[in-house]
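*Asks:* Pasting a structure below so you can have a look.
In structure tokens:
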């Protein structure tokens, strides 16, 4: 189907939970299901292979309708259509080629979860909660709506309200938790290493029972309820997977170990920022950094403060933000014709790409490329500012331009426009300017004097402002200044 998009009343999630692949993908999908119910969506489906006992226990309260694993994108989109899902979200490292095109042909918004460089694919929405996403631009951000950075880390409900921060006892109780499966079998060795540290009190290992038993540590049964599991433990030693962000939300001091390549970013961020103690990154052949861990265990106050800092990175509401992004994307794609809306967080990537496009820079006063991290900070501030309005213009749900109004005086604003590269040469500029001005006047100031500076060599843009009744000033230094007072009536762009 093409054309108008139905409301988001059902969602299809695609992930696996296996011994080799771990449980992080499933944990995030369960968190999204919880957030969807808060959003009023209760018809939630899961396509995937769940082959671990803990995975099944995580699914029991989730109430998802189960389907077998599907890796063919056309078949997956067909399943989404069959169950009436308005959104298909994939938390899986498979390629799924042609996913976005197949979804758009049937009016289904596609979404993908990214871990470092894993899971990247074109989709309507890209979800990457890693801190790295805010400092390293990916070309996929330019053509997608995005949910980026730690505020969009997806974790299960109930972790946003952290446990009361307690001081680490003088001889910390240490729990070793190598993910939901410990596929590499590292747990017993690491637990024995922790028990050999004089400053450590009791040591536990989350494992499946007698096979892991040792006089060095006690075996702790796996439990999907993380709060309950951690009740009597001061410090957790864990693989640098999805669980680290849940531990951060709960203000639990962490010792992290990199187990597989897709944990490199998490490991580097936590250790490099002083949010966790690093035990080593095993894919690099690193020896266990026992001396560094021993020094940390001997300083309980530093462990407590480290947990406080880690808690500042996350708030536990990332899943709800992702669901809101899906909803905004559905609303956009349901609209027919030209629509002007305020820029939202999901636009940060496309506006960055448009701003740094060579043709845009050539027409701007500042022609130097903007850095991604600088743009992220600027964009967050611009959306909150009272003296700036950033708008996005869509045609049939597809973003084609951004316009901006910057206050220069009490009732004087400077106007600027940037067309998406793919929208140029299609006659959009006149309508974009007219509709943006109308939106600004209806919501911000009906009387403001608007000013726009255009290069004198830019004949096409100067013609647009002239045709809409803007008044030319005296050209100077290669620029023409146009003005439009609140009393002047714009020409109908149609």
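Numbering (the numbering used here), first residue to last: 43 to 536. C-beta atoms are modelled at their ideal positions from N, C-alpha and C, and glycine is treated no differently.
Return the chain-ordered ranges of every beta strand (DSSP E) run that is complete within the segment 97-184 and spans a minimum of 3 residues.
*Replies:* 107-109, 129-132, 151-155, 167-170
*Asks:* With which residues is residue 380 paired in a DSSP beta bridge?
*Replies:* Numbered from 1 along the chain shown, position 338 holds the residue referred to as residue 380. Per DSSP, 437.
*Asks:* Counting C-beta neighbours from all protein chains within 10 Å, is the total for residue 91 16 or more, i.e. buried, or is it exposed?
*Replies:* Numbered from 1 along the chain shown, position 49 holds the residue referred to as residue 91. It counts as exposed.
*Asks:* Between the C-alpha atoms of residue 443 and residue 194, what's the straight-line distance to the nearest angstrom?
*Replies:* On the chain shown, residue 443 is found 401 positions in, with the first residue counted as 1. On the chain shown, residue 194 is found 152 positions in, with the first residue counted as 1. Rounded to the nearest angstrom, the two C-alpha atoms are 25 Å apart.
*Asks:* Per DSSP, which residues does residue 260 bridge with? Please list them.
*Replies:* Residue 260 sits at position 218 when you count from the first residue of the chain shown. 246, per the DSSP bridge assignment.
*Asks:* Rounded to whole angstroms, what's the CA-CA distance from residue 317 to residue 75? Just pull it up for me.
*Replies:* What you label residue 317 is simply residue 275 of the chain shown in a count that begins at 1. What you label residue 75 is simply residue 33 of the chain shown in a count that begins at 1. Near 29 Å, if we compare the C-alpha coordinates of residue 75 and residue 317.
*Asks:* Taking the straight line between their C-alpha atoms, what separation do you get for residue 527 and residue 163?
*Replies:* Residue numbering aside, residue 527 sits at position 485 when the chain shown is read from its first letter. Residue numbering aside, residue 163 sits at position 121 when the chain shown is read from its first letter. Rounded to the nearest angstrom, the two C-alpha atoms are 46 Å apart.
*Asks:* Helix, strand or coil for residue 368 per DSSP?
*Replies:* By 1-based counting over the chain shown, the position of residue 368 is 326. In the structure shown, residue 368 sits in a helix (DSSP, three-state: H, G or I).
*Asks:* Going by DSSP, name the residue or residues bridged to residue 61.
*Replies:* Working through the chain shown from its first residue, we reach residue 61 at position 19. None, per the DSSP bridge assignment.
*Asks:* Please report the straight-line C-alpha distance between residue 183 and residue 165, rounded to a whole angstrom.
*Replies:* Numbered from its first residue, the chain shown carries residue 183 at position 141. Numbered from its first residue, the chain shown carries residue 165 at position 123. Taking the straight line joining both Cα atoms gives about 10 Å.
*Asks:* Put residue 393 into one of helix, strand or coil per three-state DSSP.
*Replies:* As a working mapping, residue 393 is identified with position 351 in the chain shown. DSSP places residue 393 in helix when its eight states are reduced to three.
*Asks:* Would you mind working out which of 242, 300, 329, 216 sits nearest residue 294, comparing C-alpha positions?
*Replies:* For this step, residue 294 is matched to residue 252 along the chain shown. Residue 216 is the option with its Cα nearest to residue 294.
*Asks:* Scan the segment 326-367 and note each continuous alpha helix (DSSP H) run of 4 residues or more that stays entirely inside, going in chain order.
*Replies:* 332-339, 342-353
*Asks:* Within its chain, find whatever has a CB closer than 6 Å to the CB of residue 262; leave out the 5 residues flanking it on each side and keep chain order.
*Replies:* In the chain shown, residue 262 corresponds to position 220, counting from 1. Counting only Cβ-Cβ distances below 6 Å, and skipping sequence neighbours, we find 246, 248.
*Asks:* Under DSSP, the alpha helix (DSSP H) around residue 288 begins and ends at which residues?
*Replies:* Within the chain shown, numbered from 1, the residue matching residue 288 stands at position 246. Looking at the DSSP string, the run of the alpha helix (DSSP H) that includes residue 288 is 285-291.
*Asks:* Can you tell me whether residue 269 is buried or exposed? The criterion is at least 16 other CB atoms within 10 Å of its CB, across all chains shown.
*Replies:* Within the chain shown, residue 269 is the residue found at index 227, counting from 1. Answer is exposed; the Cβ neighbour count stays below 16.
*Asks:* Using the Cα positions of residue 101 and residue 57, report the straight-line distance between them to the nearest angstrom.
*Replies:* In the chain shown, counting from the first residue as 1, residue 101 sits at position 59. In the chain shown, counting from the first residue as 1, residue 57 sits at position 15. If you take the alpha carbons of residue 101 and residue 57, they lie about 12 Å apart.
*Asks:* To the nearest angstrom, how far is it from the Cα of residue 51 to the Cα of residue 83?
*Replies:* Mapped onto the chain shown, residue 51 falls at position 9. Mapped onto the chain shown, residue 83 falls at position 41. Their Cα atoms are separated by approximately 5 Å.
*Asks:* Taking the DSSP output, what are the residues bridged to residue 189?
*Replies:* Against the chain shown, residue 189 aligns to sequence position 147. Partner(s): 169.
*Asks:* Hey, could you find the ends of the alpha helix (DSSP H) residue 67 is sitting in?
*Replies:* Your numbering for residue 67 matches position 25 in the chain shown. Per DSSP, residue 67 belongs to the alpha helix (DSSP H) from 66-80.
*Asks:* Below 8 Å on the Cβ atoms is my guess for residue 210 versus residue 232; work out the distance and round it to an integer in Å.
*Replies:* Against the chain shown, residue 210 aligns to sequence position 168. Against the chain shown, residue 232 aligns to sequence position 190. Contact doesn't hold; Cβ gap of about 19 Å is too wide.
*Asks:* Locate the beta strand (DSSP E) running through residue 322, then write down its first and last residues.
*Replies:* Locating residue 322 in the chain shown gives position 280, where the first residue counts as 1. Taken as a continuous stretch (DSSP letters only), the beta strand (DSSP E) holding residue 322 covers 319-323.
*Asks:* Could you give the C-beta distance for residue 81 and residue 369, rounded to a whole number, given that I count them as a contact under 8 Å?
*Replies:* Counted from its first residue, the chain shown places residue 81 at position 39. Counted from its first residue, the chain shown places residue 369 at position 327. The distance from the Cβ of residue 81 to that of residue 369 is about 7 Å, consistent with a contact at the 8 Å cut-off.
*Asks:* In whole angstroms, what separates the C-alpha of residue 129 from that of residue 139?
*Replies:* What you label residue 129 is simply residue 87 of the chain shown in a count that begins at 1. What you label residue 139 is simply residue 97 of the chain shown in a count that begins at 1. Taking C-alpha positions only, residue 129 is separated from residue 139 by approximately 17 Å.
*Asks:* Can you name the residues that DSSP bridges to residue 220?
*Replies:* If you number the chain shown from 1, residue 220 lands on position 178. According to DSSP, residue 220 shares a beta bridge with no other residue.
*Asks:* Whose C-beta lies closer than 7 Å to the C-beta of residue 168 among residues of the same chain, with five residues either side of it excluded?
*Replies:* On the chain shown, residue 168 is found 126 positions in, with the first residue counted as 1. Same-chain partners within the cutoff: 154, 156, 182, 183, 186, 188.
*Asks:* Per DSSP, which one or two residues make a beta bridge with residue 312?
*Replies:* Here residue 312 refers to the residue found at position 270 when the chain shown is read from its first residue. Answer is none; residue 312 lacks a bridge partner.
*Asks:* What did DSSP end up calling residue 86 once you bin it into helix, strand or coil?
*Replies:* As a working mapping, residue 86 is identified with position 44 in the chain shown. Three-state result, residue 86: strand.
*Asks:* I need the boundaries of the beta strand (DSSP E) containing residue 296, first residue and last residue.
*Replies:* Numbered from its first residue, the chain shown carries residue 296 at position 254. That run of the beta strand (DSSP E) goes 296-300.
*Asks:* When you compare the CB positions of residue 113 and residue 149, do they come within less than 7 Å of one another, or not?
*Replies:* Position 71 of the chain shown, counted from the first residue, corresponds to residue 113. Position 107 of the chain shown, counted from the first residue, corresponds to residue 149. Contact flag unset, no.
*Asks:* Give the C-beta separation of residue 281 and residue 220 to the nearest angstrom, bearing in mind that I take them to be a contact with Cβ-Cβ under 8 Å.
*Replies:* Here residue 281 refers to the residue found at position 239 of the chain shown. Here residue 220 refers to the residue found at position 178 of the chain shown. With a Cβ gap of about 5 Å, residue 281 and residue 220 count as contacting.
*Asks:* Do you know how far the Cα of residue 106 is from the Cα of residue 304?
*Replies:* On the chain shown, residue 304 is found 262 positions in, with the first residue counted as 1. On the chain shown, residue 106 is found 64 positions in, with the first residue counted as 1. Straight-line Cα distance between these residues: approximately 27 Å.
*Asks:* Tell me which residues share the same chain as residue 348 and place their Cβ nearer than 6 Å to its Cβ, disregarding the 5 neighbours each side in the sequence.
*Replies:* For the purposes of this step, residue 348 is taken as the residue at position 306 of the chain shown. Cβ within range, chain order: 295.
*Asks:* Does residue 459 come out as helix, strand or coil in the three-state DSSP assignment?
*Replies:* Locating residue 459 in the chain shown gives position 417, where the first residue counts as 1. In the structure shown, residue 459 falls within a strand segment according to DSSP collapsed to helix, strand and coil.
*Asks:* Using the rule of at least 16 other Cβ atoms within 10 Å of the residue's Cβ for burial, across every protein chain shown, is residue 265 buried or exposed?
*Replies:* Residue mapping note: residue 265 aligns to position 223 of the chain shown, counting from 1. With fewer than 16 other Cβ atoms within 10 Å, it is exposed.
*Asks:* Counting only the same chain and skipping the five closest in sequence on each side, list residues whose C-beta sits under 6 Å from that of residue 488.
*Replies:* Here residue 488 refers to the residue found at position 446 when the chain shown is read from its first residue. Cβ neighbours of residue 488 beyond the five flanking positions: 528.
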